[in-house]
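Worksheet for the structure shown next.
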Amino acid sequence: MLVSMTGFGAGRVHSEQISVVVEMRSVNHRYFEPYIRLPRGYVVLEDKVRTQVAKEIQRGRVEISVLIEDFTLRGRTVTLDSHLLRSYHAALNEARQHVPVEGELTVAALLAVPELFQVRESPVDPESVWPWVDEALGQALTAVVAMRRAEGARLQQDILARLSVFARCVEKIAERAPAVVEEYRERLVQRLAEWHRDVTVDESRLCAEVALMAEKSNIDEEIVRLRSHIAAFEKTCAADGPVGRKLDFLLQEMHREINTIGAKASDGEIAGCVVDAKAELEKMREQVQNIE
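When the sequence shown is numbered by the numbering used here, its final residue is 296 and no position is left out of the sequence of numbers.
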């Protein structure tokens, strides 16, 4: 079963002690690339978050945002820089000696002094909030995985439908190929007859020319390989685990074989089938880029 690399999910845990909100979104990427945003002071939980996500997602860029409000374990204290206050006071008194300065020093004036008061957050143990983070993360991860699988199922249906069209093109080419040589022989005889009405056609020379053309345009090996690639592609779609890269490789191989057939073909019907087949391959490859 194919799995898409596109998904979104969110998880929320609320209690009297804490509030945790986790949002997760994933998009296509060549490798597994998690990008984790945690509040200041909780960065040490990043490895645990990455480990949990990696259990369910093997490929794609995954953005995880974790918001934490700790109502009981996190406190704040306000401290006064007394040395800075004395320096400001001394500077103010000195200023009064040089110019008239009226008014009293007020609380509002003190609050306006940069860095005079500092708000400090009391230390907190990040590990103590992990159970809540883990629960919210699990909710978000479950939603993301479900969305990726649902999208993967839709992509698989579309990809296999296009593969079926491609396979029919290959079989049409295989059916048409033998007739191309015989039609070439008939055209050659007709042309010789038109050019040399009084000359007897050398059958051995004619056979040699037809045989040379048949050898140059032979596509039996390409057809065999294409059938093998189609079977491998179908089998891979039914497999579990990350298969996106393998599917992309098989599509590249099929594209190479169909290009070879197009280069060898000297027949309009085969050329038309090649164009149709390449169009389906291109559409499949666009879809496969989003498969895990």
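For glycine and all other residues, C-beta sits at the position ideal for the given N, C-alpha and C.
Item checked: Closest residue to residue 259 among 280, 241, 159, 134 (Cα-Cα distance) -> When only C-alpha atoms are compared, the closest one is 280.
Check: Which full runs of the beta strand (DSSP E) of 3+ residues lie inside the stretch 68-127, going along the chain?
Finding: You should have 80-84, 121-125.
Margin query: Rounded to whole angstroms, what is the Cα-Cα separation between residue 69 and residue 22?
Written below: Per the coordinates, the alpha-carbon of residue 69 lies some 17 Å from the alpha-carbon of residue 22.
Next item on the list: Indicate the three-state DSSP secondary structure (helix, strand or coil) for residue 27 in the structure shown.
Entry: In the three-state DSSP reduction, residue 27 falls in the strand class (E or B).
Check: Got a sec, what are the start and stop residues for the beta strand (DSSP E) residue 45 sits in?
Finding: Taken as a continuous stretch (DSSP letters only), residue 45 belongs to no beta strand (DSSP E), as it is neither H nor E.
Next item on the list: Report all residues from its chain with a CB closer than 6 Å to the CB of residue 261; omit the five preceding and five following residues, and keep chain order.
Entry: Excluding residues within five positions, the ones whose Cβ falls inside 6 Å are 226, 229, 230.
Notebook entry, point to check: Hey, quick one: how far does the beta strand (DSSP E) through residue 278 stretch, first residue to last?
Noted result: Run containing residue 278: none in the beta strand (DSSP E); it sits in the alpha helix (DSSP H), 272-292.
Next item on the list: Give the C-beta separation of residue 39 and residue 65 to the nearest angstrom, bearing in mind that I take them to be a contact with Cβ-Cβ under 8 Å.
Entry: Distance from residue 39 to residue 65 at the Cβ level is roughly 7 Å; contact confirmed, criterion being Cβ atoms closer than 8 Å.
Next item on the list: Using a threshold of 8 Å, state whether the C-beta atoms of residue 295 and residue 5 are closer than that.
Entry: No.
Next item on the list: On the DSSP bridge assignment, give the partners of residue 38 in chain order.
Entry: For residue 38, which the question treats as bridged, DSSP gives the partners 66.
Checklist line | Given 8 Å, three or more beta-carbon pairs between the stretch 142-152 and the stretch 274-291 | finding: Too few Cβ pairs lie closer than 8 Å, so no.
Note to self: Check whether the stretch 14-30 and the stretch 97-106 are in contact - that is, three or more C-beta pairs closer than 8 Å.
What the structure shows: No, the stretch 14-30 does not touch the stretch 97-106.
Notebook entry, point to check: Counting Cβ pairs closer than 8 Å, one from the stretch 270-279 and one from the stretch 168-183, do we hit at least three?
Noted result: A contact exists between the stretch 270-279 and the stretch 168-183.
Check: Which residues in the same chain have their Cβ closer than 6 Å to the Cβ of residue 269, if we skip the five residues on either side of it in sequence?
Finding: Closer than 6 Å at the Cβ level, and outside the excluded window around residue 269, lie 275.
Item checked: Opening and closing residue of the alpha helix (DSSP H) in which residue 297 lies -> Shown here, the chain extends from 5 to 296; a query on residue 297 therefore has no answer.
Margin query: What does DSSP give as the partner residue(s) for residue 15 in the beta ladder?
Written below: When DSSP reads this structure, residue 15 sits in a beta bridge with 26.
Item checked: Continuous alpha helix (DSSP H) stretch holding residue 268: start and end -> First-last of the alpha helix (DSSP H) with residue 268: 248-268.
Margin query: So for residue 295, helix, strand or coil by DSSP?
Written below: Residue state, collapsed to three classes: strand.
Next item on the list: For residue 117, I'd like the list of residues in its chain whose CB is within less than 7 Å of its CB, leaving aside the five on either flank, ordered along the chain.
Entry: Counting only residues of its own chain and dropping the five nearest sequence neighbours on each side, residue 117 has a CB closer than 7 Å to the CB of 92.
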